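Peer 1: Questions regarding the structure given below will be posed in turn.
In our numbering, the protein residues as written are 1389 to 1764.
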């Protein structure tokens, strides 16, 4: 299990300039290594090292470990690009983060961090970090792995992203699945009658759409700067909401014995926008269900709660009481015409998700049928 402790660090003006110079050189090095790897179709660190190491080190005057970490970064970026079927050539920005190896490139004695760059060694003090993860690290629960130095140009702040790892807790065997239905107006509904609203985030997004249309009509430089600030503000707000809700979901499921989380696999839900009305398309394509699922998954991993996925087909149009598809769904109201069962539509879907996981698990556990038989 891996986590990153994001630490805000304070640098003197001289050390700050050294760090910025190192980032520029490191970024140029990564971009040249990327071009070499793409041109020669190299997808392993060993082959890229054999072809480019000595020339790159002489050209950019980087230490051996910085050249090695640059190669790791390039190969990992390339693999991610081909895994996601991307056709664009990755390019590292001028202030791209610098990857460091422990203990060769940096050492840490809380709250002092010392790391080496192209113009010598820099010592700095941590002025902010995530308290819970920091305390666990100081208590010896985590081991240090490769880390990064990053720079926020707009805030003029340096961060030391400390990589940590430890053994993953043993995951529970799910005997009591908790189905979770994800939506746009209600961001999540659990089969145990918990409802999480997304009303505030939707209001801000619609307000942003109106302001964006006005600012785009204006077209000035200040209007474009304001657009970027608005977009970042909305994005950060939605991310905060997802963090809060994911934490509540994991804490709730953790408190129920032998329980686990079951989601719908919504991977290809946005492949065709024509199935949605024009007014719904913006909300549908900005729906952050994947981020919420990711937040729930990594928080659950640290507590031993299992997260599973099922086929979403028909979960919203089937009665959770009798299994009939002779149903009516209008807004949040769900009615079954066979058994006259009435329930909140999202809660019905969440219960279907939980029951489908149980039926799928039973189907997997059934023994194979024997072919033929022996007769006397």
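Just so you know, even glycine gets a beta-carbon here, dropped at the ideal spot from N, CA and C. Since we're looking at a predicted model, the values are computed, not measured.
(1) Which word fits residue 1438, buried or exposed, when buried means at least 16 other C-beta atoms lie within 10 angstroms of its C-beta?
(2) Who does residue 1550 pair with in a DSSP beta bridge?
(3) Can you tell me whether residue 1482 is buried or exposed? The criterion is at least 16 other CB atoms within 10 Å of its CB, across all chains shown.
(4) How is the beta strand (DSSP E) around residue 1486 delimited, first residue to last?
(5) Taking the straight line between their C-alpha atoms, what separation do you get for residue 1701 and residue 1654?
(6) Kindly list the residues whose CB is nearer than 8 Å to the CB of residue 1469, restricted to its own chain and excluding five residues on each side of it in sequence; keep chain order.
(7) Could you please give me the residues that DSSP links to residue 1536 through a beta bridge?
(8) Helix, strand or coil for residue 1780 per DSSP?
(9) Where are the alpha helix (DSSP H) runs, 4 residues long or more, that stay fully inside the segment 1542-1611, in chain order?
(10) DSSP state of residue 1756, grouped into three classes?
(11) Within 10 angstroms of the Cβ of residue 1681, are there 16 or more other Cβ atoms? Answer buried if so, exposed if not.
(12) Taking the Cβ atom as the reference point for each residue, do residue 1537 and residue 1411 lie within a distance shorter than 9 Å?
(13) Closest to residue 1648 by C-alpha separation, out of 1677, 1685, 1671, 1613, would be which residue?
(14) Please confirm whether residue 1484 and residue 1494 have their CB atoms less than 9 Å apart.
(15) Rounded to whole angstroms, what is the Cα-Cα separation between residue 1732 and residue 1588?
(16) Grab the span of the beta strand (DSSP E) containing residue 1732 for me, first residue to last.
(17) With burial defined as no fewer than 16 other Cβ atoms inside 10 Å of the residue's Cβ, what is the status of residue 1498: buried or exposed?
(18) Take residue 1596 and list the residues in its own chain whose beta-carbon comes closer than 6 Å to its own, dropping the five residues that flank it on each side.
(19) Residue 1459 and residue 1441 - do their beta-carbons sit closer together than 9 Å?
(20) Expressed to the nearest angstrom, what Euclidean distance is found between the alpha-carbon atoms of residue 1472 and residue 1466?
(21) Could you tell me the boundaries of the beta strand (DSSP E) in which residue 1724 lies?
Peer 2: Reading it off the structure:
(1) exposed
(2) 1393
(3) exposed
(4) 1486-1488
(5) 10 Å
(6) 1476, 1478
(7) 1487, 1549
(8) Not covered by the structure: residue 1780. The range shown for the chain is 1389 to 1764.
(9) 1587-1606
(10) Per-residue confidence for residue 1756 stands at a pLDDT of 47, beneath the threshold of 50, marking its modelled position as unreliable; the derived number appears in the next sentence. Three-state result, residue 1756: coil.
(11) buried
(12) yes
(13) 1685
(14) no
(15) The straight-line gap from Cα to Cα measures roughly 21 Å.
(16) It spans 1730-1732 - the beta strand (DSSP E) in which residue 1732 sits, taken as one unbroken run.
(17) exposed
(18) 1618, 1622
(19) yes
(20) 10 Å
(21) 1721-1724
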